[in-house]
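Structure first, commentary second.
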Amino acid sequence: MQSRVRLQTIPAGKSGYPKHVWSPAGGWYAQPSNWRKNTAIFGAVVVGITALVWNLSAEREFRHKMPEPGRFFPSRNWTRQIREHEKAQKEASGSSSS
């Protein structure tokens, strides 16, 4: 008996792979036609989850010591406790100067 070896031509830059392999990502050289839409949807989901976590964190943030007035402190723009503290300080300084 003579065994026959079948040679397969492979495109330049790619290696051969078994056709029966399956993976959730689509296998080797996958280029799904709607990858841009899927990427945009996933990006929107990531941004949405980040916004929800950011909002929850800002609501629950508590400071024992308030930042010094006039000093750069990024979370003073979104933390409710700091905004209320600074508003109360402005009202107190405004009413005491009258």
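Take the sequence shown: its letters are residues 1 to 98, numbered as in this note's numbering.
All C-beta atoms in this analysis are idealised placements derived from N, C-alpha and C, irrespective of residue type, glycine included.
Exposure of residue i, with buried meaning 16 or more beta-carbon neighbours within 10 Å
i, result
"Thr50", "exposed"
"Thr79", "buried"
Rounded separation between residue i and residue j - CA only
i, j, result
"Ala58", "Asn77", "10 Å"
"Phe73", "Asn34", "42 Å"
"Trp54", "Val47", "10 Å"
"Val45", "Ile82", "29 Å"
"Gly94", "Ile41", "49 Å"
"Gly43", "Pro24", "19 Å"
Under the three-state DSSP convention, the category residue i falls into
i, result
"Ala40", "helix"
"Asn77", "helix"
"Glu61", "coil"
"Asn34", "coil"
"Gly103", "Here the chain has residues from 1 to 98 only, and residue 103 is not among them."
Cβ-Cβ separation, residue j to residue i (assumed contact under 8 Å), whole Å
i, j, result
"Glu86", "Ser75", "About 12 Å separates the two Cβ atoms, so there is no contact after all."
Contacting residues, own chain, Cβ-Cβ under 8 Å from residue i (five flanking each side not counted)
i, result
"Pro32", "Gly26, Asn38"
"Arg99", "Because residue 99 is not part of the residues shown, which for the chain are 1 to 98, the question remains open."
"Gln89", "Pro69"
Same chain only: Cβ atoms within 7 Å of residue i, ignoring 5 sequence neighbours per side
i, result
"Met66", "Ile82, His85"
Sequence-distant residues of the same chain with beta carbon closer than 6 Å to residue i, five excluded per side
i, result
"Arg111", "Because the chain here runs from 1 to 98, residue 111 falls outside it and cannot be looked at."
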